[in-house]
Each structure stands twice: as C-alpha cells, then as structure tokens.
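To start, the structure under review is shown below, and the notes come after it.
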Amino acid sequence: MIEIPSDLHKDLVPLAFLLGNWAGAGVHDFPGSEKCNFGQEVSFTHDGRDFLEYRSRTWVLDNEGNKVRPLESEAGFWRIDAERKITVTMTRDDGVVEIWYGELADKKPQIDLVTDAVARTPESPAYTGGKRLYGYVKGDLMWVGEKQTPEVELRPYMSAQLKKAVTPEDVERWAKDLPEDMPDDGIAFFK
Numbered sequence: 002m003i004e005i006p007s008d009l010h011k012d013l014v015p016l017a018f019l020l021g022n023w024a025g026a027g028v029h030d031f032p033g034s035e036k037c038n039f040g041q042e043v044s045f046t047h048d049g050r051d052f053l054e055y056r057s058r059t060w061v062l063d064n065e066g067n068k069v070r071p072l073e074s075e076a077g078f079w080r081i082d083a084e085r086k087i088t089v090t091m092t093r094d095d096g097v098v099e100i101w102y103g104e105l106a107d108k109k110p111q112i113d114l115v116t117d118a119v120a121r122t123p124e125s126p127a128y129t130g131g132k133r134l135y136g137y138v139k140g141d142l143m144w145v146g147e148k149q150t151p152e153v154e155l156r157p158y159m160s161a162q163l164k165k166a167v168t169p170e171d172v173e174r175w176a177k178d179l180p181e182d183m184p185d186d187g188i189a190f191f192k
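If you read the sequence shown in our numbering, its first letter stands for residue 2, the second for the next number, and so on.
Given below as structure tokens:
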C-alpha cells in the first residue's frame, strides 16, 4: 500500500510511491570494472518542500551475500511538475554531478530518466551520460541504469530489486496507531 503523508508537498503526490527506505540487491556489470552482485540501501524523504531527497549506497557482495566493500554512493533531489516531467540533480561519490530529465508514465508508477548534463572532476572516471528506469512493481522498487563513456556505447550496467525496509521509527508509529481495544490473545483480531 502506498501511503501519502499529510505534510507531503502537493506537487509530489505522484511520486509518493518512492517515499521510504528501500533495501535489496542487484547486479553490476560494465566493461573495465568488476562484474559483481551488490547490496543497496535507498531512501526517498521529504521535508514539506517541493522535492524529494534521495540517497543511495551500494556495496559489493561476496558469494555468501556478505558486504565486501563500498561500490557507489549518490545523493540528489527529485522534482516533478504539473505535466509529470521530472528533474533530478544528483552527485556521486566518484566526483560526477548530473542533471537528469524524464517523466512519470501515464497511469503507472514508472519513471524514465536520461542525463541532460554531466560535470566531472579531473579524478572522475570517464562518463558521458546515462539512462535510468524506475518502477514500482508488486510493492517492490525496481530499477535499471544504463551508462556510456567515450569508449563504451550506452548499455545497462546496474539493476536491482528493492524491498520496503521497516525502520524502528515505522514500528513506533504503527504501535502508536494500534486501536486501544486490541484483543489480548491476537486471535480475535482475525475473526
């Protein structure tokens, strides 16, 4: 179920499906870098203004699913206008700053993005642009990213399936919202 917080800026309601903390795993594969499985944590938060704050951390996983080392981190801000056009500003830990443009699909929670501008520090790896597709599918957040460099044409390089993560704050909020006449044995609740 998608919850729409009462203090969410009205313009962001179409993006409410992104809100929350997400965790999962995916695959990373791009020429010139290590092919691996990765773990990921993503958060989309808001503070009442007209943007969502985005943070993502990924790490390499070993064959048993244990964290080995950091892979990529990025942070940014997502906005949407009345025509469902989306603008994302993003900064990555490797020294890349991007502006993404895209749109929210009609009648489904799917977002297509493409880079419009890329700025890099001298130490950053070669990178000229990318595409991303995000979708809310059966309660999961799924995404695939494509990238290109001067040497490699645009191609998929990362994808993941993320589940909504429950935080201690979620549990506390849910506990406060329980009805006062909750049955002690719990069984009566299901009758």
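For every residue, glycine included, the Cβ atom is placed at its ideal position computed from N, Cα and C.
Spatial distance of residue i from residue j (CA atoms)
| i | j | result |
| --- | --- | --- |
| residue 67 | residue 25 | 13 Å |
| residue 119 | residue 149 | 12 Å |
| residue 78 | residue 47 | 10 Å |
| residue 29 | residue 98 | 20 Å |
| residue 53 | residue 112 | 14 Å |
| residue 36 | residue 178 | 45 Å |
| residue 135 | residue 7 | 24 Å |
| residue 153 | residue 71 | 24 Å |
| residue 139 | residue 18 | 11 Å |
| residue 173 | residue 167 | 11 Å |
| residue 117 | residue 43 | 23 Å |
| residue 128 | residue 102 | 17 Å |
| residue 33 | residue 65 | 24 Å |
| residue 94 | residue 5 | 31 Å |
| residue 123 | residue 165 | 37 Å |
| residue 16 | residue 69 | 33 Å |
Check whether residue i and residue j have beta carbons under 8 Å apart
| i | j | result |
| --- | --- | --- |
| residue 132 | residue 114 | yes |
| residue 142 | residue 23 | yes |
| residue 27 | residue 41 | yes |
| residue 61 | residue 39 | yes |
| residue 96 | residue 58 | no |
Integer-rounded CB distance, given that residue j should sit under 8 Å from residue i
| i | j | result |
| --- | --- | --- |
| residue 90 | residue 81 | Wrong, their Cβ atoms sit about 13 Å apart, outside the cutoff. |
| residue 157 | residue 145 | 6 Å |
| residue 76 | residue 56 | 5 Å |
| residue 51 | residue 12 | 5 Å |
Residue i - containing beta strand (DSSP E), residue span
| i | result |
| --- | --- |
| residue 26 | 21–29 |
Check your understanding: Could you give the uninterrupted runs of the beta strand (DSSP E) lying entirely in the stretch 36–124, keeping only those of 3 residues or more?
Key -> 37–46, 53–62, 68–81, 86–93, 97–105, 111–121
Exercise for review: Please list the segments of the beta strand (DSSP E) lying wholly inside the stretch 119–155, counting only runs of 3 or more residues, in order along the chain.
Suggested key: 130–138, 141–149
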